Each structure stands twice: as structure tokens, then as C-alpha cells.
Amino acid sequence: MIKTYRILSSLLDYPEQELWENLGEVEPLVKAEGITETGPESPLGTFLSWARGFKSLREWQAEYSSLFDSNSAESLYLFDFVYGTNRDRGQAMEDLRESYAASGMDCSASELPDYVPLFLEFVSAQPTEEDAKRVLAEVGGVLRMMERRFIDRKRPYAPLITILRTLSGAAPRLVTTEKIAIRAEDN
Numbered sequence: 020m021i022k023t024y025r026i027l028s029s030l031l032d033y034p035e036q037e038l039w040e041n042l043g044e045v046e047p048l049v050k051a052e053g054i055t056e057t058g059p060e061s062p063l064g065t066f067l068s069w070a071r072g073f074k075s076l077r078e079w080q081a082e083y084s085s086l087f088d089s090n091s092a093e094s095l096y097l098f099d100f101v102y103g104t105n106r107d108r109g110q111a112m113e114d115l116r117e118s119y120a121a122s123g124m125d126c127s128a129s130e131l132p133d134y135v136p137l138f139l140e141f142v143s144a145q146p147t148e149e150d151a152k153r154v155l156a157e158v159g160g161v162l163r164m165m166e167r168r169f170i171d172r173k174r175p176y177a178p179l180i181t182i183l184r185t186l187s188g189a190a191p192r193l194v195t196t197e198k199i200a201i202r203a204e205d206n
């Protein structure tokens, strides 16, 4: 389980050479832990198929930058979905940083503590599988919001957020009655 969270962290982070060179190892490692579905039709398989479609690491990096560097509506920062630019965000950041420090994690990283790949490193550092699941469950609602936004905008990283939302135990977002009514009218 710990490897799976670290792998998901790497996949959601800015693509690096090591990941590019070892992309073929991802699915077997995740499959060995058995905590999420694998295979071509699984969310992981869908994402890996997309990532393998790049001709070069630079091409993947350019796509990543275009998706996340200037688009706060689809960011990889948990608190963007909870607080936006609200002042309460600062205290939440500090609380999360303190949780990282209490677990022995180096909090001096240049990244904000609510950055999903960094948060997944924290999850993977938990002493037990149950602790890891509990920590991830604490952000299940946020993951559900992220998942919906990424799916609605057809973002290629949506399958990874779906995996995290599923692992958190949060139910998928329900279809609203308005959408059901529209579908009924279309038939």
C-alpha cells in the first residue's frame, strides 16, 4: 500500500526522467500491492496509456505545465477546493505542516503542504495501512470535488484522482436530479 501512494504521488507530480524511464514498472508494482484495480480499462491503465502516448519526456512535461501551472480551477492543491483564497487557508496550511513534522516528515519542502503529491508522501509515511487510509479519508470530500472537476473538464489526470477518491472511501458524486431530467428529455 505504501508503494502505491508513493507511485500515485510521482504520477501526479511534475514528470521527471526517472518516472519516464520506469513507466512500464508502475502497473506491476501497484498490482503487487493489490489495493486498486489495474489493467488497460482501469483508471490506472487509462492514465498510463495516456502517459505512454507522449513521444518524449519534454512533451509530457509541457502538457503537465499547460494543465496545472496557470490553472487554479484544476489545481493539485487540496485547500484550493476548500478555502480558495480565504484567510483560513493559512491556518489550515500550518496545521498540515505541523502534522507532517509530527510524523517526522521534512516540512521545509519548497512546495505548499496541501500539494497532493506531497500529501500522498505523508499518507505513505503512516505507520500502518489503517493509519494511511484514515489520513486519506480525511480529504475524501475534497478528492470527490477534484475528481468531478477533472472529469467534467476531461482532464487526463482525472483517473488518478478517481483512484485516490476510491481509496479514501468517499462515494462518487451523485448525479443531480437536473441531469437526470435532462437525460430523460433526450430519450
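Our numbering runs 19 ahead of the 1-based position in the sequence shown. Don't be surprised by glycine CBs; every beta carbon is placed ideally from N, CA and C. Values in this document were obtained by computation on a predicted structure and should not be read as measured data.
When you compare only the Cα positions, how much space is there between residue i and residue j?
i, j, result
"Leu67", "Glu46", "8 Å"
"Leu162", "Arg184", "5 Å"
"Val142", "Ala120", "13 Å"
"Glu78", "Trp39", "11 Å"
"Ser84", "Thr147", "34 Å"
"Tyr96", "Tyr134", "4 Å"
"Glu208", "Ile180", "Lying before the first or after the last residue shown, residue 208 is absent from the chain, which here runs from 20 to 206."
"Asp171", "Ala144", "32 Å"
"Ser89", "Glu140", "24 Å"
"Ile182", "Arg106", "30 Å"
"Trp69", "Leu30", "12 Å"
"Leu76", "Leu48", "21 Å"
"Glu60", "Gly43", "16 Å"
"Arg153", "Gly58", "27 Å"
"Lys22", "Asp32", "15 Å"
"Arg116", "Cys126", "6 Å"
"Met164", "Tyr176", "14 Å"
"Ser129", "Ser118", "17 Å"
"Ala200", "Arg71", "Residue confidence for Ala200 is low, a pLDDT of 41 falling below 50, so the modelled location carries little weight; the figure read from the coordinates is stated next. Answer to the nearest angstrom: the Cα atoms are 39 Å apart."
Hey, residue i and residue j are a contact pair by Cβ (cut 8 Å); roughly how many whole angstroms apart?
i, j, result
"Gly188", "Gly159", "6 Å"
"Ala111", "Phe98", "6 Å"
"Tyr24", "Ala151", "7 Å"
"Ile54", "Leu186", "7 Å"
Going by beta carbon distance, what residues of the same chain come within less than 7 Å of residue i, once the five residues before and after it are set aside?
i, result
"Arg174", "Leu86 and Glu93"
"Pro108", "Inspection of the sequence shows that residue 108 is occupied by Arg rather than by Pro. Within the same chain, Arg108 has close Cβ partners Phe98 and Tyr102."
"Asp100", "First, the residue type needs correcting, since residue 100 is Phe and not Asp in the sequence shown. Excluding sequence neighbours, Phe100 sits near Val161, Met164 and Met165."
"Lys74", "none"
"Lys208", "Because the chain is modelled from 20 through 206, residue 208 falls outside the range shown and cannot be assessed."
"Pro34", "Leu76, Trp79, Gln80 and Tyr83"
"Asn41", "none"
"Glu149", "none"
Leaving aside the five residues before and after residue i along the sequence, list all residues of the same chain whose C-beta is less than 6 Å from its C-beta, in chain order.
i, result
"Pro178", "Pro62, Thr65 and Phe66"
Can you tell me whether residue i is buried or exposed? The criterion is at least 16 other CB atoms within 10 Å of its CB, across all chains shown.
i, result
"Ala190", "exposed"
"Ser28", "buried"
"Pro132", "buried"
"Ile26", "buried"
Going along the chain, which residues of its own chain have a beta-carbon closer than 8 Å to the beta-carbon of residue i, five neighbours each way excluded?
i, result
"Gln36", "Leu76"
"Phe169", "Glu93, Tyr176, Ala177 and Ile180"
* To do: Only counting runs of 4 or more residues, tell me where the alpha helix (DSSP H) segments fall wholly within the segment 76-145, in order along the chain.
  => 76-87, 107-121 and 135-143
* 4-residue-minimum alpha helix (DSSP H) runs that sit fully inside the segment 37-80, ordered along the chain -> 42-52 and 62-71
* Asked: What are the complete alpha helix (DSSP H) segments, minimum 4 residues, inside the segment 158-198?
  -> 159-171 and 177-187
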